Amino acid sequence: GRCPEHYWVWHFIFAFILFIHRYVRWRVRNWDGYLLDLCYCVNYLCIVGTFAAFCRVCFGIFTWLAPHNTFLVRGGFGVASGLLGASVHIFRNSLIFHQKDHMTSTFLHFSPLLLSWCIR
């Protein structure tokens, strides 16, 4: 992309919308326990990290995560680049634009990898 330093804003907004949609759909089916999977936990860490970065950049507010920032960024980078990057190939995530479940799964596994590379 043209502005990889601003990818975290797009990731935060898009993840927030897709995860709320997936929670609503999966809550009806009683599948909401799957939302505690490793892939989702890494994405939750990315959402919390991008929100903390937003608060720090825009308002100068340092959150309680600030002392642990290097550990969280390195751990998130390792998991996003390793496990989630490999799971795109293992689970054969495909980009099917007219099916929101496939788009969410592809975003769920591939976007933290892109986010970690852009933040790096």
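Counting in this note's numbering, the final residue of the sequence shown is number 120, and the numbers go up one at a time with none missing.
We put the CB at the ideal spot given by N, CA and C, even for glycine.
Please read all numbers here as calculations on a predicted model, not as lab measurements.
Please classify Arg22 as buried or exposed, where buried requires at least 16 other C-beta atoms within 10 Å of its C-beta.
It counts as buried.
Roughly how many whole angstroms lie between the Cα atoms of Thr63 and Arg25?
32 angstroms
At which residue ranges does the segment 88-119 contain complete alpha helix (DSSP H) runs of 4 or more residues, listed in the order of the chain?
Within the segment 88-119, the alpha helix (DSSP H) runs of at least 4 residues that lie entirely inside it are, in chain order, 100-119.
Whether Ala66 touches Ala86 by CB criterion (9 angstroms)
no
Run through DSSP, which three-state label would Cys39 get?
In the structure shown, the three-state DSSP call for Cys39 is helix.
With 16 other CB atoms within 10 Å as the buried threshold, where does Ser105 fall?
buried
Out of Leu83, Asp37, Leu45, state which residue places its alpha-carbon closest to the alpha-carbon of Phe12.
Selected option, being the one with the closest Cα: Leu45.
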